[in-house]
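For the sequence shown, this note's numbering assigns the number 673 to the initial residue and increments by one for each residue that follows.
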Amino acid sequence: DYVPNVLPLPSAEPPADTPPSDDIAFIGNRYLRFGLLERVVGNRDRARLVHGLQRLPGTRTRVYGRGWRAPGARRPVPFAEQVPVLRRARVTAGWDHYNHHHGYYS
Numbered sequence: 673d674y675v676p677n678v679l680p681l682p683s684a685e686p687p688a689d690t691p692p693s694d695d696i697a698f699i700g701n702r703y704l705r706f707g708l709l710e711r712v713v714g715n716r717d718r719a720r721l722v723h724g725l726q727r728l729p730g731t732r733t734r735v736y737g738r739g740w741r742a743p744g745a746r747r748p749v750p751f752a753e754q755v756p757v758l759r760r761a762r763v764t765a766g767w768d769h770y771n772h773h774h775g776y777y778s
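Now the structure itself:
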């Protein structure tokens, strides 16, 4: 059976009773080599998505991972801290590098 990328909330701590501090959260690296986009499948599309989210007017977009610049770029998030980061956002966004490979997930 194939299950798309999901956040298994039953195994996480209960959410804090606070309003979201971010509008959009994205967790993932931007792969660069010598300041240029690395040739990783889907890397350019991932960068386009993130730059589009960062340009949305009046939106607090936070991007967690290596290689990102511009407002909202943050450090990579250790796995154990990802659920709280995602819960602080109204919307979470992601980009799968291998969207043409059925059954792939990361």
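Positions of the beta carbon are idealized from the N, C-alpha and C atoms, including for glycine. Here the structure is a predicted model, which is why all the values come from computation and not from measurement.
Exposure of residue i, with buried meaning 16 or more beta-carbon neighbours within 10 Å
i, result
"G700", "buried"
"L728", "exposed"
"R702", "buried"
"R738", "exposed"
"R759", "buried"
Residues of its chain near residue i, where Cβ-Cβ distance is below 6 angstroms and the 5 sequence neighbours each way are ignored
i, result
"R734", "D694, A697, G744, R746"
"A742", "Q726"
Contact under 8 angstroms by Cβ, residue i with residue j
i, j, result
"V722", "W740", "yes"
"Y736", "V755", "no"
One or two residues paired with residue i in a DSSP bridge
i, result
"A697", "R734, T764"
Residue i beta carbon near the ligand ATP (any heavy atom closer than 7 angstroms)
i, result
"N701", "Although the ligand ATP was asked about, the structure shown includes no ligands whatsoever."
Neighbourhood of residue i by C-beta distance below 8 angstroms, restricted to the same chain and skipping five residues each side
i, result
"G766", "N677, F698, I699, G700"
Residues of its chain near residue i, where Cβ-Cβ distance is below 7 angstroms and the 5 sequence neighbours each way are ignored
i, result
"V749", "I699, Y736, V757"
Give, in chain order, every unbroken run of the alpha helix (DSSP H) that is at least 4 residues long and sits entirely within the segment 702-751. 715-726
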